[in-house]
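In what follows, a structure is listed as structure tokens, so that the remarks can point back to it.
Protein chains: 2
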Amino acid sequence: MNTINLNVKFLLNLARVQSIMSKRFDRGMGNGVGFSEFLILFYLNQSDSQKMRRIDLAEKIGMTASGVTRMLLPMEKIGLIKSGSIDEDARVRSVLLSEGGKQKLDEALERFEILGEDIFSSVKIKEIEAASNLLVEIGGKILMS
Amino acid sequence: MNTINLNVKFLLNLARVQSIMSKRFDRGMGNGVGFSEFLILFYLNQSDSQKMRRIDLAEKIGMTASGVTRMLLPMEKIGLIKSGSIDEDARVRSVLLSEGGKQKLDEALERFEILGEDIFSSVKIKEIEAASNLLVEIGGKILMS
DNA sequence: AACATATACTTGATAGCTCAAGCATACATC
DNA sequence: GATGTATGCTTGAGCTATCAAGTATATGTT
Numbered sequence: 405m406n407t408i409n410l411n412v413k414f415l416l417n418l419a420r421v422q423s424i425m426s427k428r429f430d431r432g433m434g435n436g437v438g439f440s441e442f443l444i445l446f447y448l449n450q451s452d453s454q455k456m457r458r459i460d461l462a463e464k465i466g467m468t469a470s471g472v473t474r475m476l477l478p479m480e481k482i483g484l485i486k487s488g489s490i491d492e493d494a495r496v497r498s499v500l501l502s503e504g505g506k507q508k509l510d511e512a513l514e515r516f517e518i519l520g521e522d523i524f525s526s527v528k529i530k531e532i533e534a535a536s537n538l539l540v541e542i543g544g545k546i547l548m549s
Numbered sequence: 405m406n407t408i409n410l411n412v413k414f415l416l417n418l419a420r421v422q423s424i425m426s427k428r429f430d431r432g433m434g435n436g437v438g439f440s441e442f443l444i445l446f447y448l449n450q451s452d453s454q455k456m457r458r459i460d461l462a463e464k465i466g467m468t469a470s471g472v473t474r475m476l477l478p479m480e481k482i483g484l485i486k487s488g489s490i491d492e493d494a495r496v497r498s499v500l501l502s503e504g505g506k507q508k509l510d511e512a513l514e515r516f517e518i519l520g521e522d523i524f525s526s527v528k529i530k531e532i533e534a535a536s537n538l539l540v541e542i543g544g545k546i547l548m549s
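Protein chains in written order, with our numbering: chain A, 405 to 549; chain B, 405 to 549.
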């Protein structure tokens, strides 16, 4: 990489690792959920009422509202989520994590954790923590702009 | 994120930041090259003869051979790269960085560096370096499997 | 109250990739 | 040297997400 700017180098590494990671995720998860579906289930579960507006979900997982609409259709069909409405605003169609979705998420999380241990087996916890914090810092910065 | 496994957390942050980054890249680069095109030009330039086999290029940028084939077609049309063959093996169609491509890369790199400075302005160099090294380490580990 | 503007979502068209299959060449083995 | 298998690349079909435009509701302005 000789004279390449450090920042650029970091961003290139980021892209590379992420590309490798998501492929490995899809392979490792087998016939279960895809990465985007996993993200939806995950963030839904994180929210206190397990219920979110489509647009907030989109922002969380880094996708357009349109993308979320298309993802949710089949997910609702197979009973992973349910759609509803909220009282305060008739424009929003809320997304609710259903029982099936919760189960699927638990399965996926379990396999995901094994995958993680596998990948990080020889990396020090402190290092991962530091890198993770850096990512959050960068992510926040970018989001604000 | 309460009780979520640290590794999982890292991988989620990775995905999020990468998604934000590539969008920001495409926005910031304006009507210039897209991210994948940039990667092609960049890695071509990095190779000593500025010439690579399509398949090595594919592996570098984390894409299938098929994807590379489709990307290169328009890039050759507008004079960013040239296709050739190598003496040792008649199956390969080599990719050569052309003058136009080199110019485009220089422009993109310049803008990319500014983007990088903007994003990392308040992050310590040591931290970036550490995170970057961690990414390389993970990337290598994954590639071997 | 009327109107302009913003927000939440959906939908048609399309971009950018993958996967599976195919073709051509290379390499290994018998 | 014929035959089987691996490699490099391309191509058709299909998937996933985007963008631009459209609909419905909300909010702010006069």
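By construction, the Cβ of each residue, glycine as well, lies at the ideal position given by its N, Cα and C atoms.
C-beta neighbour in chain B for residue i, strict 9 Å
{"i": "Leu445/A", "result": "no"}
{"i": "Arg456/A", "result": "In the sequence as presented, Arg is not what sits at residue 456/A; that position holds Met. Chain B, which has no Cβ nearer than 9 Å to the Cβ of Met456/A, makes this no."}
{"i": "Ala462/A", "result": "no"}
{"i": "Ala469/A", "result": "no"}
{"i": "Ser453/A", "result": "no"}
{"i": "Met425/A", "result": "yes"}
{"i": "Val472/A", "result": "no"}
{"i": "Ile532/A", "result": "yes"}
{"i": "Ile529/A", "result": "yes"}
{"i": "Gly466/A", "result": "yes"}
{"i": "Ser549/A", "result": "Residue confidence is low: Ser549/A scores 42 on pLDDT, short of 50, so the model does not pin down where it sits. Its coordinate-derived value is still stated next. So yes, Ser549/A belongs to the interface."}
{"i": "Ser536/A", "result": "yes"}
{"i": "Met433/A", "result": "no"}
Top-ranked residue by Cα proximity to residue i, from the options
{"i": "Gly438/A", "options": "Ser426/A, Tyr447/A, Leu448/A", "result": "Ser426/A"}
{"i": "Lys486/B", "options": "Ser451/B, Met456/B, Met433/B", "result": "Met456/B"}
{"i": "Glu432/B", "options": "Ala534/B, Glu533/B, Val527/B, Glu511/B", "result": "A quick correction: the sequence has Gly, not Glu, at residue 432/B. Measuring from the Cα of Gly432/B, the nearest candidate turns out to be Glu511/B."}
{"i": "Gln507/A", "options": "Gly483/A, Asn409/A, Ala469/A", "result": "Gly483/A"}
{"i": "Leu539/B", "options": "Ile532/A, Glu541/A, Gly543/A, Val540/A", "result": "Ile532/A"}
{"i": "Ser502/A", "options": "Asn409/A, Arg474/A, Met479/A", "result": "Met479/A"}
{"i": "Thr473/B", "options": "Glu492/B, Ile490/B, Asp491/B, Val496/B", "result": "Val496/B"}
{"i": "Asp522/A", "options": "Asn417/A, Arg428/A, Gln422/A, Asn411/A", "result": "Arg428/A"}
{"i": "Val552/A", "options": "Gln422/A, Val412/A, Tyr447/A", "result": "The structure shown does not extend to residue 552/A, since chain A is modelled only from 405 through 549, so no value can be given for it."}
{"i": "Gly505/A", "options": "Lys528/A, Leu519/A, Ala494/A, Lys481/A", "result": "Lys481/A"}
{"i": "Gly488/B", "options": "Lys528/B, Ile408/B, Arg458/B", "result": "Arg458/B"}
{"i": "Asp430/B", "options": "Ala534/B, Ser526/B, Phe516/B, Val527/B", "result": "Phe516/B"}
{"i": "Arg416/A", "options": "Glu492/B, Gln450/B, Asp493/B, Ile490/B", "result": "The sequence as given places Leu at residue 416/A; Arg does not occur at that position. Looking at the Cα atoms, Gln450/B is the closest of the given residues."}
{"i": "Val412/B", "options": "Ile518/A, Asn411/A, Ser526/A", "result": "Ile518/A"}
{"i": "Met467/B", "options": "Met467/A, Val421/A, Met475/A, Gly471/A", "result": "Val421/A"}
Interface flag, residue i vs chain A, CB-CB below 9 Å
{"i": "Gln422/B", "result": "yes"}
{"i": "Gly505/B", "result": "no"}
{"i": "Val540/B", "result": "yes"}
{"i": "Val437/B", "result": "no"}
{"i": "Glu521/B", "result": "yes"}
{"i": "Gly483/B", "result": "no"}
Neighbour-count burial assignment, residue i, 16 or more Cβ in a 10 Å radius
{"i": "Leu477/B", "result": "exposed"}
{"i": "Ala419/B", "result": "buried"}
{"i": "Ser453/A", "result": "exposed"}
{"i": "Ile424/A", "result": "buried"}
{"i": "Glu441/B", "result": "buried"}
{"i": "Ala373/B", "result": "In the structure displayed, chain B extends from 405 to 549; residue 373/B sits before or after that span and is not available."}
{"i": "Ser549/B", "result": "Only weak support exists for where Ser549/B lies, its pLDDT of 40 falling under 50; the value from the coordinates is given anyway. Under this definition Ser549/B is an exposed residue."}
{"i": "Ile465/A", "result": "buried"}
{"i": "Ile529/B", "result": "exposed"}
{"i": "Gly544/B", "result": "exposed"}
{"i": "Ile542/B", "result": "buried"}
{"i": "Ala462/A", "result": "buried"}
{"i": "Asn406/A", "result": "In this prediction, Asn406/A scores a pLDDT of 49, lower than 50, which makes its location untrustworthy; no coordinate-derived value is stated."}
Rounded distance between the beta-carbons of residue j and residue i, thought under 8 Å
{"i": "Phe524/A", "j": "Ser536/B", "result": "In fact, because the Cβ distance is near 16 Å, the residues do not count as touching under 8 Å."}
{"i": "Leu509/A", "j": "Leu445/A", "result": "4 Å"}
{"i": "Gly436/B", "j": "Asn409/A", "result": "About 17 Å; that fails the 8 Å criterion."}
{"i": "Ala534/B", "j": "Ala534/A", "result": "6 Å"}
With 8 Å as the C-beta to C-beta threshold (strictly closer), list the residues of the region 405-419 of chain A near chain B in chain order.
Within the region 405-419 of chain A, the residues whose Cβ lies closer than 8 Å to some Cβ of chain B are Met405, Asn409, Leu410, Asn411, Val412, Lys413, Phe414, Leu415, Leu416, Asn417, Leu418, Ala419, listed in chain order.
Residues in the region 488-517 of chain A having any Cβ partner in chain B nearer than 9 Å
For the region 488-517 of chain A, the set of positions with a beta-carbon nearer than 9 Å to some beta-carbon of chain B reads Leu513, Phe516, Glu517 in chain order.
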